[in-house]
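Residue numbers (my numbering): 124 to 492. Where is the CB? At the ideal position from N, CA and C, for every residue including glycine. Predicted model, so just to flag it, every value in this text is computed and none were measured. The structure appears below as structure tokens.
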């Protein structure tokens, strides 16, 4: 399956008051909506904060409650995150936000909408009228092993070592295990290829996700046009017939496009930005051109090729490069979204400016191949 991971909630900066705003997703709407669905904290309503035709779907939460979750709590929160998004998508196209994302106050939510205006509109437009479906093919592992064991050369090798002690047949048993594993992977690959070939043409996009255990043959995320739901059902029936009914096919959805487009929002820690600023010898107000110029000057002096005998030259060069990349990302985030010439815009490196700047990115989940 390809639901959002609960391994590492993305909490941004916890607030001193202990109350923040949890973000589920972004919608294209001016509606001040309240959704009849329980969020992470059922005591607080799930609602929208809107600006300029965009809305953040949010509810209040203590950001510290998202740290150090055990598996049961993480699953419970993740289920709430998904439940809200699936309720929202019944009425609005929605761009999912990474599980665990919080911002400190409503002002930060509005800043997210203003800063990400172009990115959010473009992404929502691209995924309007589309849904994610998850298709998983499962097999009965015991039956598969029996079939593999009956085939050659595995059957012959099993017969040769039958009745002999494990100590006498260590190498043969290792070889047998390797043959079984190879046969299992070959069969999984063949079935997976058939499933992908059957479904790829009808999907706008397809991701092959890792199998979660040996009983899972193939795990697919499909990006599907809403109008093709019945086509998918027909294709799955065809696929079932192709497999002779021997495999179990599960289809989950419709879902928001988790695997294809999820918004990540990060507040960079001021300490890291300030250290990078000092590393490059910059003032608290600069522009992207100054950041690049300072980096190039220092890099020319510190490059290991020019200082082969200098101790820690490689580490120093890596630190300069890291500082440059960090400050460049901040400068890009602070520049107006519609501007292609970020060199012309000031970049503010003081604490207040840094802590109200968000790094925004829409990410696609990497598949298994």
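Counting of Cβ neighbours within 10 angstroms places residue 279 among the exposed residues, the total staying below 16. Taken through DSSP and simplified to helix, strand or coil, residue 276 comes out as coil. In its chain, beyond the 5 residues on either side, 125, 344, 345, 346, 347, 376, 377, 378, 379, 380, 381, 382 and 383 have a beta carbon closer than 8 Å to the beta carbon of residue 255. Inter-segment contact for the segment 473-487 and the segment 382-399 is present: three or more beta-carbon pairs are separated by less than 8 Å. For the options 330, 336 and 322, the alpha carbon positioned closest to that of residue 361 is the one of 322. If the five residues before and after residue 262 are omitted, its C-beta is found closer than 6 Å to the C-beta atoms of 340 and 370, all from its own chain and listed in chain order. Residue 444 counts as exposed, since fewer than 16 other C-beta atoms from the protein chains shown sit within 10 angstroms of its C-beta. As for any beta strand (DSSP E) of minimum length 3 sitting wholly inside the segment 330-358, the runs are 339-348, ordered along the chain. Residue environment analysis places residue 304 among the exposed positions, since fewer than 16 neighbouring C-beta atoms fall within 10 angstroms of its C-beta.
Its chain contains 277 as the residues whose beta carbon lies nearer than 6 Å to that of residue 302, once the 5 sequence neighbours on both sides are disregarded; these appear in chain order. Residue 388: member of the beta strand (DSSP E) spanning 385-390, first to last residue. Within the same chain, no residue comes within 6 Å of residue 366 by CB-CB distance, once the 5 residues on both sides are set aside. Beta-carbon to beta-carbon, residue 403 and residue 414 are separated by about 7 Å, close enough to satisfy the 8 Å threshold. When 293, 356 and 142 are compared, the shortest CA-CA separation from residue 189 is found for 142.
Uninterrupted alpha helix (DSSP H) stretches at least 4 residues long and entirely within the segment 288-338 occur at 293-322, given in chain order. Assigned with DSSP and collapsed to three states, residue 477 falls in helix.
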